[in-house]
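Here the structure comes first, spelled out in structure tokens, and everything after it is commentary.
Protein chains in written order, with my numbering: chain A, -9 to 104; chain B, 10 to 126.
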């Protein structure tokens, strides 16, 4: 089975740093994605981790620990436009029953206050 | 411009009236998927397709049908819609797995907001 857990809501102030955690228990693992989704819009790709460690991309960084089934998305220098839902998604291994699948968490709604 | 398109973007219909939501991608992607998104439940996969004429059920396939007769198109069919299918629907496409895991990000269409009365 697949179990992906992330907090439902978080709040932070402009200019601050926020860390959104994601834990997963899945039948195999072939990488973890983070997506950003503004209300009523399509999710957009933020990051992909398949090896342990931190990947930095501008104000956003993503960390993965495969042994702990844990990832986080770190957002620095928060801006009002960062208010959105952040989705964690796990890519299963390439097996016949999982080709084309991507398992999403329920998303973390981040609100950035001025 | 590389994109995934969906039509219609908004639809209000009545119970039992068959409808089709179209999805098309111009990136020559092999994989295509349909998701529904509901408050508190996140994105749930309805059906996915690994190539032309190859489709499989996702987590919530009941009440839906799909077809993949051409690589670029992946329509979602609701034969007899019911109010519990009121939702926001997203189509997505992904390059071939053979292209390597870093290309496996899914490209999402703009969404179709469906209301079944």
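Glycine included, C-beta positions come from ideal geometry on N, C-alpha and C.
Query: According to DSSP, is residue 94/B part of a helix, a strand, or is it coil?; Result: helix
Query: If you draw a straight line from the C-alpha of residue 3/B to the C-alpha of residue 120/B, how long is it?; Result: Outside the modelled stretch of chain B, which goes from 10 to 126, sits residue 3/B, for which no answer is possible.
Query: Please decide whether residue 20/B counts as near chain A, where near means a Cβ-Cβ distance under 8 Å.; Result: no
Query: Evaluate the contact criterion for the region 38 to 57 of chain A versus the region 23 to 33 of chain B: three or more CB pairs, one atom per stretch, below 8 Å.; Result: no
Query: Assuming residue 55/B is part of the beta strand (DSSP E), what are its boundary residues?; Result: 51 to 60
Query: Is the Cβ-Cβ distance between residue 72/B and residue 54/B less than 8 Å?; Result: no
Query: Residue 139/A bridges to which residues according to DSSP?; Result: Past the boundaries of the shown model lies residue 139/A; chain A is included only from -9 to 104, so the question cannot be answered.
Query: For a quick check, are the C-beta atoms of residue 61/A and residue 99/A less than 8 Å apart?; Result: no
Query: Between which two residues does the beta strand (DSSP E) holding residue 0/A run?; Result: -1 to 3
Query: For the 8 Å Cβ check, are there 3 or more pairs between the region 29 to 40 of chain A and the region -5 to 6 of chain A?; Result: no
Query: Please decide whether residue 72/B counts as near chain A, where near means a Cβ-Cβ distance under 8 Å.; Result: no
Query: In terms of alpha-carbon separation, which member of 50/B, 11/B, 77/B, 91/B lies closest to residue 8/B?; Result: Because chain B here runs from 10 to 126, residue 8/B falls outside it and cannot be looked at.
Query: The beta strand (DSSP E) spanning residue 9/A covers which residue range?; Result: 8 to 15
Query: Give the residues of chain A in contact with residue 84/B, contact being defined as C-beta atoms less than 8 Å apart.; Result: Ordered by position in chain A, no residue passes the 8 Å Cβ test against residue 84/B, which lies about 17 Å from the chain.
Query: For residue 125/B, report the span of its beta strand (DSSP E) as first-last.; Result: 121 to 125
Query: Considering just the uninterrupted stretch of the beta strand (DSSP E) at residue 41/A, what are its terminal residues?; Result: It is not in any beta strand (DSSP E) - residue 41/A carries neither H nor E in the DSSP assignment.
Query: List, in order along the chain, the chain B residues whose C-beta lies closer than 7 Å to that of residue 95/A?; Result: 51
Query: Spell out whether any CB of chain B is found under 8 Å from the CB atom of residue 33/A.; Result: yes
Query: Roughly how many whole angstroms lie between the Cα atoms of residue 24/A and residue 89/B?; Result: 35 Å
Query: Counting only Cβ pairs nearer than 8 Å, list the residues of chain B close to residue 62/A.; Result: Those do not exist, as residue 62/A stays about 18 Å from chain B at its closest Cβ, beyond 8 Å.
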